[in-house]
Amino acid sequence: MARKPAPAGVLKREKFFFEIPRPKKKLILPNVLSISQVEKLFSQLENLKHKTMLFLAYSGGLRVSEVVNLKIKDIHSARMVINIKGAKGKKDRMVALSEGILELLRKYYIAYKPTYWLFEGQYKDEPYSTRSLQQIFHRAKNEAKITQDVTFHSLRHSYATHLHERGTDIKLIQELLGHNDLKTTLRYTHVSTRKLETIVNPFDQLKIKDE
-13 MARKPAPAGV LKREKFFFEI PRPKKKLILP NVLSISQVEK LFSQLENLKH
37 KTMLFLAYSG GLRVSEVVNL KIKDIHSARM VINIKGAKGK KDRMVALSEG
87 ILELLRKYYI AYKPTYWLFE GQYKDEPYST RSLQQIFHRA KNEAKITQDV
137 TFHSLRHSYA THLHERGTDI KLIQELLGHN DLKTTLRYTH VSTRKLETIV
187 NPFDQLKIKD E
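Numbered per the numbering used here, the sequence shown spans residues -13 to 197.
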């Protein structure tokens, strides 16, 4: 016996659930350090290894895991790039190697003589721990008296925001950070002060005396 077709109302009701609009995700803006705060934080670092790791993180917008997992062979001084292998989403990417960072890396290499991992942990056959690197950041942050709620990852956010404030194309920033979705990168346009600095506040145009 042939089955009767399902009532139209049933099919419509089934479709109804797909038509319910999903709530929009709340836009959470990243916590960003200003240039002067980055300078103040970095000025607290005296240990060459600690300094090299944090400077490198900011200069390339690297995640804490990407810093500690760097190998010596990932630094390409001839091409002035750093190869980030197996980043978030298992995707490789390249970031620019600055002249200043290359000079610092050479000093670090002479002093520490790493053999495989660029930043070795307690033992030479293992990388530096992410927890220890995060602690270095927080100690420098506290010594710099930065009360803002920032973490090691804020160096990455700050790098992207400072690039945008200097007029770097947002698509290039997306590529440098390794974002799959441009929307993720566009968050930095909301925290950048570049456009705000061009606004003439109407209050400043008032001809009044401050008595």
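Each residue gets a CB set at the ideal place from its N, CA and C atoms; glycine is no exception.
{"Check": "Round the Cβ separation of residue 31 and residue 126 to the nearest angstrom and send it over; I've been treating them as touching at under 8 Å.", "Outcome": "6 Å"}
{"Check": "Going straight from the alpha carbon of residue 103 to that of residue 114, what length do you get?", "Outcome": "8 Å"}
{"Check": "To which residues of the same chain is residue 192 closer than 8 Å at the C-beta, ignoring the five residues directly before and after it?", "Outcome": "Note that residue 192 has pLDDT 43, beneath the 50 cutoff, so the model's placement of it is unreliable and no number is given."}
{"Check": "Based on the DSSP output, what are the partners of residue 67 in its beta bridges?", "Outcome": "62, 82"}
{"Check": "DSSP on residue 110, reduced to helix/strand/coil?", "Outcome": "coil"}
{"Check": "On a CA-only basis, which of 116, 47, 135 is nearest residue 150? Give me that one, please.", "Outcome": "47"}
{"Check": "What whole-angstrom Cβ distance do residue 120 and residue 24 have, given they're in contact under 8 Å?", "Outcome": "With 8 Å as the limit, residue 120 and residue 24 do not qualify as a contact, their Cβ atoms being about 17 Å apart."}
{"Check": "Kindly indicate which three-state DSSP category residue 93 falls into: helix, strand or coil?", "Outcome": "helix"}
{"Check": "Less than 7 Å between C-beta atoms, sequence neighbours within five positions excluded: which residues of the same chain meet that for residue 199?", "Outcome": "There is simply no residue 199 to check, as the chain begins at -13 and stops at 197 in what is shown."}
{"Check": "CB residue 130 to CB residue 57, shorter than 8 Å?", "Outcome": "no"}
{"Check": "Give the secondary structure of residue 99 by DSSP, where H, G and I count as helix, E and B as strand, and everything else as coil.", "Outcome": "coil"}
{"Check": "Would you kindly work out how many angstroms separate the C-alpha atoms of residue 83 and residue 159, rounded to a whole number?", "Outcome": "15 Å"}
{"Check": "Do residue 35 and residue 138 have their beta-carbon atoms positioned less than 8 Å apart in this structure?", "Outcome": "no"}
{"Check": "So, is residue 89 buried or exposed, given that buried needs 16 or more other C-beta atoms within 10 angstroms?", "Outcome": "exposed"}
{"Check": "If the criterion is Cβ atoms closer than 8 Å, does the pair residue 70 and residue 61 meet it?", "Outcome": "no"}
{"Check": "What is the rounded straight-line gap between the Cα of residue 118 and the Cα of residue 39?", "Outcome": "11 Å"}
{"Check": "Pull the bridge partners of residue 57 from the DSSP assignment, please.", "Outcome": "103"}
{"Check": "Near residue 101, what residues of its chain come up, given a Cβ to Cβ distance below 8 Å and the 5 sequence neighbours on each side ignored?", "Outcome": "58, 110"}
{"Check": "Classify residue 25 as helix, strand or coil using the three-state DSSP reduction.", "Outcome": "helix"}
{"Check": "For residue 50, does the three-state DSSP call read helix, strand or coil?", "Outcome": "helix"}
{"Check": "Rounded to whole angstroms, what's the CA-CA distance from residue 128 to residue 93? Just pull it up for me.", "Outcome": "27 Å"}
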